[in-house]
Amino acid sequence: GAVVSQHPSRVICKSGTSVKIECRSLDFQATTMFWYRQFPKKSLMLMATSNEGSKATYEQGVEKDKFLINHASLTLSTLTVTSAHPEDSSFYICSARDQGSTNEKLFFGSGTQLSVL
Amino acid sequence: GENVEQHPSTLSVQEGDSAVIKCTYSDSASNYFPWYKQELGKGPQLIIDIRSNVGEKKDQRIAVTLNKTAKHFSLHITETQPEDSAVYFCAASGSNFGNEKLTFGTGTRLTIIP
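For the record, the sequence lines run as chains W and X.
Residue 16 in the working numbering sits at position 16 of the first sequence, with consecutive numbering throughout.
One gets the working numbering by counting positions in the second sequence from 1 and adding 117 to each.
In structure tokens:
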């Protein structure tokens, strides 16, 4: 299947700092990528849909100024957690769909564990 | 919006036996149903998927069945092995190719007992 690379896999930061997470589609192009958040032993919660060349679409209750999304190319989307606080600590996962494929398969990155001290 | 329910939340199965996980969905317009396996600290991995024009799909030890009338679908794992231990998520999404969002179930923690 298609490969989605996500970095970093783990990050620890101080409260008040910003953290950037990268999501890359390695062997396909993706005009749309999705960002999820997952709490321990819980399901995946969609945060936003990242659209190449345009603004991201955020789910209800997700602060767009808190979670900045940039999708500057067909293979890269970034999520920046701004002014991080301990309650932002979570597992963040990106996903992408191969736009050149005729199926709906969605592939996920390996996730980023964010710990805010 | 779509609502996906998944049962059971935990499942323990003796190695070699079969495991079945069930999901129901609410939106009759949904027509794509993937299953993901997630190991600790990793992202979900697509293991099998099915579209609504098919009632069953099999890939080696894994099979998925879909009852569109009843709006439920199930994952079947046969001859379970210790490496099958993980959290499994079902999901559903809408009718057209493109950027439809997946709605996930709440997950099933499967433990294979050696």
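Each residue gets a CB set at the ideal place from its N, CA and C atoms; glycine is no exception.
**Asked** Is it buried or exposed for X/Val171, if we count other Cβ within 10 angstroms and need 16 for buried?
**Response** For the purposes of this step, residue 171 of chain X is identified with residue 54 of the second sequence, where counting begins at 1. Looking at its Cβ environment, which holds fewer than 16 other Cβ atoms inside 10 Å, X/Val171 is exposed.
**Item:** As assigned by DSSP and simplified to three states, the class of X/Pro231
**Value:** In the second sequence, counting from the first residue as 1, residue 231 of chain X sits at position 114. Of the three classes helix, strand and coil, the one that applies to X/Pro231 here is coil, per DSSP.
**Prompt:** What do you reckon, is the C-beta of W/Val62 under 7 Å from a heavy atom of the ligand FMN?
**Reply:** Ligands displayed in this structure: none; no statement on the ligand FMN is therefore possible.
**Request:** Give me the Cα-Cα distance between X/Ser145 and W/Ala30, rounded to the nearest whole angstrom.
**Result:** Stepping through the second sequence from its first residue, residue 145 of chain X is reached at position 28. Stepping through the first sequence from its first residue, residue 30 of chain W is reached at position 30. Their backbone Cα atoms lie some 27 Å apart in a straight line.
**Message:** With the cut-off set at 8 Å, would you say X/Lys218 and W/Thr49 are in Cβ contact?
**Reply:** Here the question's residue 218 of chain X lines up with position 101 in the second sequence. Here the question's residue 49 of chain W lines up with position 49 in the first sequence. Result yes, Cβ atoms of X/Lys218 and W/Thr49 sit closer than 8 Å.
**Prompt:** chain X partners of W/Ile93, CB-CB under 7 Å?
**Reply:** By one-based count along the first sequence, residue 93 of chain W stands at place 93. Against chain X, a Cβ distance below 7 Å from W/Ile93 picks out Gly160.
**Prompt:** Among residues of its own chain, excluding the 5 on either side of X/Ser126, which ones have a beta-carbon nearer than 8 Å to its beta-carbon?
**Reply:** What you label residue 126 of chain X is simply residue 9 of the second sequence in a count that begins at 1. Around X/Ser126, the same chain offers Thr223, Gly224, Thr225 and Arg226 as residues with beta carbons nearer than 8 Å, after the five sequence neighbours per side are excluded.
**Message:** By the 9 Å beta-carbon criterion, what residues does the segment 217-229 of chain X contribute toward chain W?
**Reply:** Here the close residues are Glu217, Lys218, Leu219, Thr220, Phe221, Gly222, Thr223, Gly224 and Arg226.
**Message:** Let's test the definition: count the other Cβ atoms within 10 Å of the Cβ of W/Thr75 and tell me whether it reaches 16, buried, or not, exposed.
**Reply:** Translated into positions along the first sequence, residue 75 of chain W becomes position 75. Counting Cβ neighbours within 10 Å, W/Thr75 comes out buried, since at least 16 surround it.
**Request:** Can you say whether X/Thr186 is buried or exposed, counting buried as having 16 or more other CB atoms within 10 angstroms of its CB?
**Result:** In the second sequence, residue 186 of chain X corresponds to position 69, counting from 1. The residue is exposed, with fewer than 16 neighbouring Cβ atoms inside 10 Å.
**Contact list for W/Thr78 against chain X, beta-carbon separation under 8 Å** = Residue numbering aside, residue 78 of chain W sits at position 78 when the first sequence is read from its first letter. Under the 8 Å cutoff, chain X gives no residues; its nearest Cβ is about 17 Å from W/Thr78.
**Message:** If contacts are defined as beta-carbon pairs under 8 Å, then X/Ser135 and X/Thr182 qualify, I think. What distance do you get, rounded to the angstrom?
**Reply:** Position 18 of the second sequence, counted from the start, is the residue given in the question as residue 135 of chain X. Position 65 of the second sequence, counted from the start, is the residue given in the question as residue 182 of chain X. With a Cβ gap of about 13 Å, X/Ser135 and X/Thr182 do not count as contacting.
**Asked** If you count every other CB in all the chains shown that lies within 10 Å of the CB of W/Glu56, and 16 or more means buried, which is it?
**Response** The residue given as residue 56 of chain W occupies position 56 in the first sequence. Glu is not the amino acid found at residue 56 of chain W; the sequence shown has Ala there. Here W/Ala56 is buried: its Cβ has 16 or more other Cβ atoms, across all protein chains shown, within 10 Å.
**Asked** Listed from N- to C-terminal order along the chain, which residues in the segment 127-156 of chain X have their beta-carbon within a distance smaller than 8 Å of any beta-carbon of chain W?
**Response** With the criterion set as a beta carbon lying under 8 Å from some beta carbon of chain W, the members of the segment 127-156 of chain X are Tyr149, Pro151 and Tyr153, in sequence order.
**Request:** Please compile the residues from chain X whose C-beta is within a distance smaller than 9 Å of the C-beta of W/Thr75.
**Result:** Position 75 of the first sequence holds residue 75 of chain W. Result: empty, since nearest Cβ-Cβ is about 16 Å, beyond 9 Å.
**Prompt:** In this structure, does DSSP put X/Asp176 in helix, strand or coil?
**Reply:** On the second sequence, residue 176 of chain X is found 59 positions in, with the first residue counted as 1. Three-state result, X/Asp176: strand.
**Request:** Kindly list the residues whose CB is nearer than 6 Å to the CB of X/His193, restricted to its own chain and excluding five residues on each side of it in sequence; keep chain order.
**Result:** Mapped onto the second sequence, residue 193 of chain X falls at position 76. Val137 and Ala180.
**Request:** Work out the CA separation of W/Tyr92 and W/Ser25 for me, nearest whole Å.
**Result:** Start at 1 with the first residue of the first sequence, and residue 25 of chain W comes out as number 25. Start at 1 with the first residue of the first sequence, and residue 92 of chain W comes out as number 92. Distance between the alpha carbons of W/Ser25 and W/Tyr92: 16 Å.
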